[in-house]
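Novice: Please read through the structure below; I'll follow up with questions.
Residue numbers (UniProt numbering), protein chains in the order written: chain D, 1 to 218; chain L, 1 to 218.
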């Protein structure tokens, strides 16, 4: 593997484990057994590493949110969207652990984040509209924009919710299984809006993705 | 007003305007025209000021979430709960702007926050159960625990959503009217779960609280 790629992969792993703020370029170089000068040859500073990781996340997410080109949406699609979205959030969870801090201390990232979020919500709206058009969600009571905004809030804040409310130790490693409950919670948004046929599929998926949250669920 | 109270009120105003991280005890003393020594006579450090403000917020929130003792819940109660909760979040918005950072850098606050959040969610669950018992939400499809968790996520992240996704300038003052849209979004959680009589009240409230979000709503 090329050094540039090794730096990116090690940075992502360290940021996810320890938090982006706790990791310096010196830590990353030491972790890889390369000199700081070698790292600076590839990246001017940590912001540039974060920027490149964010670009990868953007690309991965755009793929995850694409609509099928040759058919309408079916109930199973929604579950698949959510699994893929939560996996992306898990892979880049450092972004969402301390998003406010990251955006306040990195104006270039902040300038990219806002249109990115707005594109994601617009695409989420198109997906919910596709679920209405596909007869999965009831047309009269479903507001695709309100659903997209609420899904965004649940998805992007699920990891920090697990850290600040659910797990017992702030520094404790996150249990990836608790992401499955996030899928359950986003599906719960549409529980009252499902047409009878779709309800069978989504209720089953909600049961499959249920995971008790330590400290919260009795 | 006593000096101690003046310090608390000035701190809250400065934290909300500028972010807790940007404000030092020296700023607070200078703002009040008192000496740093006078401030330290009342509060050992900034953490102690934050701890006292958090206690006030806890008390205010416990009042906001109380169930009526002499009657069941009606559809209008839900709207009132949400208005009061969002007002509390607005009054103490510095807590939610950079919650992760605040909790990571203040272990004593972090130790208080987790049980506080868990109590709030338990009380939210009791409120949703009360709405089921009062015939406002459909019993078969309403999971009060899932609703309470989703409401918590929307409520506590609404301010940072406005800052990171909606408004154009990270430092720009928040428009308090956009909180109303937060009420609309939490009401949208239960849109498909309402019994027909309650639907009339809640649909009207959703229309009343609708506020377009700049950059997001066309």
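Here a beta-carbon is modelled for each residue, glycine too, at the ideal position from N, C-alpha and C.
Say whether chain D places a C-beta atom closer than 8 Å to the C-beta of residue 79 (chain L).
Specialist: Against the second chain, residue 79 (chain L) aligns to sequence position 79. Output row for residue 79 (chain L): interface = no.
Novice: Taking Cβ-Cβ distances shorter than 7 Å, what residues in chain L pair up with residue 47 (chain D)?
Specialist: Translated into the one-based positions of the first chain, residue 47 (chain D) becomes position 47. None at all; the shortest Cβ gap to chain L is about 16 Å.
Novice: Between the Cα of residue 149 (chain D) and the Cα atoms of L:3, L:217 and L:109, which residue gives the shortest distance?
Specialist: For the purposes of this step, residue 149 (chain D) is taken as the residue at position 149 of the first chain. Checking every option, the nearest Cα to that of residue 149 (chain D) belongs to L:217.
Novice: On the DSSP letters alone, give me the boundaries of the alpha helix (DSSP H) that residue 228 (chain D) sits inside.
Specialist: Past the edges of chain D, shown from 1 to 218, lies residue 228 (chain D), and the structure says nothing about it.
Novice: Determine the chain L residues that contact residue 150 (chain D) at a beta-carbon separation under 8 Å, and present them in chain order.
Specialist: Stepping through the first chain from its first residue, residue 150 (chain D) is reached at position 150. The answer, in chain order, is 150, 154, 185, 188 and 189.
Novice: Can you tell me whether residue 128 (chain D) is buried or exposed, with buried defined as 16 or more other CB within 10 angstroms of its CB?
Specialist: Numbered from its first residue, the first chain carries residue 128 (chain D) at position 128. Looking at its Cβ environment, which holds 16 or more other Cβ atoms inside 10 Å, residue 128 (chain D) is buried.
Novice: Please list, in chain order, the chain D residues whose beta carbon lies closer than 8 Å to that of residue 117 (chain L).
Specialist: What you label residue 117 (chain L) is simply residue 117 of the second chain in a count that begins at 1. Within 8 Å Cβ-Cβ: 164 and 165.
Novice: In three-state DSSP terms, what is residue 174 (chain D)?
Specialist: One-based indexing of the first chain puts residue 174 (chain D) at position 174. Looking at residue 174 (chain D) - three-state DSSP - the assignment turns out to be coil, as it is neither helix nor strand.
Novice: So what does DSSP say about residue 73 (chain L), is it helix, strand or coil?
Specialist: The residue labelled residue 73 (chain L) in the question sits at position 73 within the second chain. In the structure shown, residue 73 (chain L) sits in coil (DSSP, three-state: anything other than H, G, I, E or B).
Novice: If you check the beta carbons only, do residue 174 (chain L) and residue 162 (chain L) fall under 8 Å apart?
Specialist: Translated into the one-based positions of the second chain, residue 174 (chain L) becomes position 174. Translated into the one-based positions of the second chain, residue 162 (chain L) becomes position 162. Cβ distance < 8 Å, so residue 174 (chain L) and residue 162 (chain L) count as in contact.
Novice: Is residue 137 (chain D) helix, strand or coil when you go by DSSP?
Specialist: On the first chain, residue 137 (chain D) is found 137 positions in, with the first residue counted as 1. If DSSP states are grouped into helix, strand and coil, residue 137 (chain D) belongs with the strands.
Novice: What are the residues of the region 82-111 of chain L that lie near chain D, defined by any Cβ-Cβ distance shorter than 7 Å?
Specialist: The residues in question are 97, 98, 99, 100, 101, 103, 104 and 110.
Novice: Taking only the alpha-carbon atoms, compute the straight-line gap between residue 122 (chain L) and residue 140 (chain L) and give it to the nearest angstrom.
Specialist: Indexing the second chain from 1 puts residue 122 (chain L) at position 122. Indexing the second chain from 1 puts residue 140 (chain L) at position 140. Their Cα atoms are separated by approximately 20 Å.
Novice: Am I right that residue 49 (chain L) and residue 7 (chain L) are in contact with their C-beta atoms under 8 Å? What's the rounded C-beta distance?
Specialist: As a working note, residue 49 (chain L) is residue 49 in the second chain. As a working note, residue 7 (chain L) is residue 7 in the second chain. The Cβ separation is near 7 Å, so the contact holds.
Novice: With respect to the alpha helix (DSSP H) encompassing residue 45 (chain L), which residues constitute its N-terminal and C-terminal limits?
Specialist: Locating residue 45 (chain L) in the second chain gives position 45, counting from the first residue. Run containing residue 45 (chain L): none; DSSP gives neither H nor E here.
Novice: Quick one, are the C-beta atoms of residue 85 (chain L) and residue 164 (chain D) less than 8 Å apart?
Specialist: Here the question's residue 85 (chain L) lines up with position 85 in the second chain. Here the question's residue 164 (chain D) lines up with position 164 in the first chain. Cβ distance not < 8 Å, so residue 85 (chain L) and residue 164 (chain D) don't count as in contact.
Novice: Inspect the beta-carbon positions of residue 14 (chain D) and residue 31 (chain D) and report whether they are closer than 8 Å.
Specialist: As a first step, residue 14 (chain D) must be located in the first chain, where it is residue number 14. As a first step, residue 31 (chain D) must be located in the first chain, where it is residue number 31. A contact, by the Cβ cut-off of 8 Å.
Novice: So which of L:9, L:33, L:45 and L:133 has the shortest CA-CA distance to residue 25 (chain L)?
Specialist: Stepping through the second chain from its first residue, residue 25 (chain L) is reached at position 25. The option with the nearest alpha carbon to residue 25 (chain L) is L:45.
Novice: In whole angstroms, what is the alpha-carbon distance linking residue 59 (chain L) and residue 125 (chain L)?
Specialist: Mapped onto the second chain, residue 59 (chain L) falls at position 59. Mapped onto the second chain, residue 125 (chain L) falls at position 125. The straight-line gap from Cα to Cα measures roughly 19 Å.
Novice: Identify the continuous alpha helix (DSSP H) that holds residue 22 (chain D) and give its terminal residues.
Specialist: Within the first chain, numbered from 1, the residue matching residue 22 (chain D) stands at position 22. From DSSP, residue 22 (chain D) is part of no alpha helix (DSSP H); its letter is neither H nor E.
Novice: I need the DSSP call for residue 194 (chain D), collapsed to helix, strand or coil.
Specialist: Here residue 194 (chain D) corresponds to residue number 194 of the first chain, with the count starting at 1. Strand, per DSSP.
Novice: If contact means a Cβ-Cβ distance below 9 Å, which residues of the region 121-146 of chain D contact chain L?
Specialist: Listed by position, the residues of the region 121-146 of chain D near chain L (Cβ gap below 9 Å) are 121, 122, 137, 138, 141, 142, 143, 145 and 146.
Novice: For residue 164 (chain L), which three-state DSSP category applies?
Specialist: In the second chain, the residue the question calls residue 164 (chain L) occupies position 164. Helix, per DSSP.
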